[in-house]
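So the structure is just underneath, and the comments pick up after that.
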Amino acid sequence: MGLMVLATFLLSVMLGIIRHVSFELHPFEVVFFRNLFGLGILLPVILKAGLEPLRTTRIGLHSARGLLQSASMCIFFYGLSLTTLAKVAALNFTAPLFASVAAVLFLREPLGFNRAFALVMGFVGALVILRPGIAVFNVGAGMILTSAMIWGVVLIIIKRLTVTESSLTITLYMMLYLTPITFIAALFVWQWPSPTQLLWLVAVGCCGTAGHLCVAQALKDADATAVMPFDFGRLIWAGLIGFLFFSEIPDIWTLIGAVVIFSAGMYVAVQESRQGQTKARPQQQAKMEDHK
Numbered sequence: 041m042g043l044m045v046l047a048t049f050l051l052s053v054m055l056g057i058i059r060h061v062s063f064e065l066h067p068f069e070v071v072f073f074r075n076l077f078g079l080g081i082l083l084p085v086i087l088k089a090g091l092e093p094l095r096t097t098r099i100g101l102h103s104a105r106g107l108l109q110s111a112s113m114c115i116f117f118y119g120l121s122l123t124t125l126a127k128v129a130a131l132n133f134t135a136p137l138f139a140s141v142a143a144v145l146f147l148r149e150p151l152g153f154n155r156a157f158a159l160v161m162g163f164v165g166a167l168v169i170l171r172p173g174i175a176v177f178n179v180g181a182g183m184i185l186t187s188a189m190i191w192g193v194v195l196i197i198i199k200r201l202t203v204t205e206s207s208l209t210i211t212l213y214m215m216l217y218l219t220p221i222t223f224i225a226a227l228f229v230w231q232w233p234s235p236t237q238l239l240w241l242v243a244v245g246c247c248g249t250a251g252h253l254c255v256a257q258a259l260k261d262a263d264a265t266a267v268m269p270f271d272f273g274r275l276i277w278a279g280l281i282g283f284l285f286f287s288e289i290p291d292i293w294t295l296i297g298a299v300v301i302f303s304a305g306m307y308v309a310v311q312e313s314r315q316g317q318t319k320a321r322p323q324q325q326a327k328m329e330d331h332k
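The sequence shown lines up with residues 41 to 332 when you count with my numbering.
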C-alpha cells in the first residue's frame, strides 16, 4: 500500500510542476518534454530488450491508442493550466467510469443494474463539481473532463492489447507514438526552455514515470480493489500542493463531487472484480478436473 501512496504523491507533484511550468511554457510543449524525458528514462530497458518487443500484429490498435492518448494528454495539460489542482484530481476520477461506458459500447459488455447505478452516480458527481447553469463554466474543468472521456477509451484499447501483447511492447509503442505526435503539436508554440525550466521538465518526466511504475508494482503486489482506495490520496495531495504553492482553496462542491465520483468508481471496480472471480472459479475447477 505504501507504493500506491507514493504513486499518488509523485503524480500530484507532477501536476504541481506542470502548473508551475505552464505559466511560462505552452502546455503542448510541456507534454512533449514529459514524453521525451519519460522515454529517456525507459531507454535502458528498451535497449536491453532489443527489437523483440517491436514485434506485433496489432499495429492498428497501437496507432489508435497513440493518437487518442496524445490528444488526451494535450487537452489534459492545457486544462491543468486553467483550473485548480483539486478540481483536476477530482474530475480525473471519472476516467474509469468513461472506460466502463466504452466497454459497454465497444466490447459489448453487459450494462447491468450495478454498473448503470454507479455510472449515473459518478456523472452526478461530475455535475456537482461543474454545476452547469449555476456556476460560471470553467473551460479548464471542461477540458479535464474531455480528457478523462478520451482516456476512458484508451483504457479499453489497452485492455484489448493486453490479451496478446506484453507490457513492454504496449509501453514501447506508447512512447514511440506519444513523443513524435506531441512534438508536432509543440512545434506550433515552440520556445526554447531556459536551463531552470529544463530542470523542471526533467522533474515532470521523472515524477510521471516513477509514479506510473509505482502504480503498476502496487497492482502487481495486491488486488486492485485493495490498492485503489489509496488512489483517493491524489485529491488530498493535489489540494495540499494547490493550497501551499498556488493559494488555491478547494470549494465544498469539488470535495463532495470528488467523493461521489470516487465512490462510484470504486463500486464499479469491486463489482467487476467479483464478476471476474466468479468467472474464474469454473475455469479453475475444470483445470483441477483435467489433472485428476
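Every residue, glycine too, gets a C-beta built ideally from N, C-alpha and C.
Residue i classed as buried or exposed, judged by whether at least 16 other C-beta atoms fall within 10 angstroms
i	result
valine 85	exposed
methionine 183	buried
lysine 88	exposed
leucine 50	buried
tryptophan 191	buried
arginine 95	exposed
arginine 105	buried
isoleucine 57	buried
glycine 162	buried
lysine 260	exposed
alanine 304	buried
alanine 156	exposed
leucine 227	exposed
glycine 335	In this structure the chain extends from 41 to 332, so residue 335 is not present and cannot be described.
glutamine 325	Confidence in glutamine 325 is poor, its pLDDT being 44 and thus under 50, which makes the residue's placement too unreliable to answer from.
Closest Cα partner of residue i within the set the options
i	options	result
valine 144	Leu131, Trp240, Ala130, Leu159	Leu159
alanine 250	Phe73, Glu69, Leu82, Val310	Leu82
serine 207	Ile296, Glu69, Glu92, Ser62	Glu92
serine 121	Gly106, Leu65, Ser110	Leu65
leucine 216	Val164, Glu69, Gln109, Leu241	Gln109
leucine 79	Cys246, Ala111, Val255, Ser103	Cys246
phenylalanine 223	Val45, Met44, Leu76	Leu76
phenylalanine 272	Phe302, Leu253, His252	Phe302
leucine 107	Pro150, Cys254, Ile221, Val267	Ile221
Distance, residue j Cα to residue i Cα
i	j	result
leucine 275	methionine 306	15 Å
alanine 139	valine 193	6 Å
methionine 113	valine 71	7 Å
lysine 199	threonine 211	13 Å
proline 235	phenylalanine 270	36 Å
glutamine 257	arginine 314	22 Å
phenylalanine 133	valine 300	10 Å
proline 233	proline 290	31 Å
phenylalanine 117	leucine 55	9 Å
aspartate 115	phenylalanine 68	First, the residue type needs correcting, since residue 115 is isoleucine and not aspartate in the sequence shown. Those two C-alpha atoms are separated by around 9 Å.
glycine 297	leucine 125	14 Å
leucine 218	glycine 165	31 Å
tryptophan 240	valine 61	7 Å
glycine 248	leucine 185	20 Å
tyrosine 213	histidine 102	7 Å
alanine 47	asparagine 154	29 Å
valine 242	valine 203	33 Å
alanine 135	leucine 43	21 Å
valine 267	valine 308	14 Å
proline 150	valine 141	10 Å
lysine 327	glutamate 288	Annotation note: pLDDT 41 at lysine 327 (below 50); position unreliable, no value reported.
arginine 171	glutamate 205	41 Å
glycine 119	glutamine 237	20 Å
alanine 130	glycine 90	40 Å
Nearest-angstrom Cβ-Cβ length linking residue i and residue j, presumed shorter than 8 Å
i	j	result
arginine 59	phenylalanine 283	About 13 Å separates the two Cβ atoms, so there is no contact after all.
valine 229	arginine 74	With a Cβ gap of about 15 Å, valine 229 and arginine 74 do not count as contacting.
tryptophan 293	valine 168	6 Å
lysine 127	alanine 181	6 Å
isoleucine 99	phenylalanine 146	Wrong, their Cβ atoms sit about 19 Å apart, outside the cutoff.
asparagine 178	threonine 97	Not a contact, Cβ separation roughly 43 Å.
isoleucine 281	valine 53	7 Å
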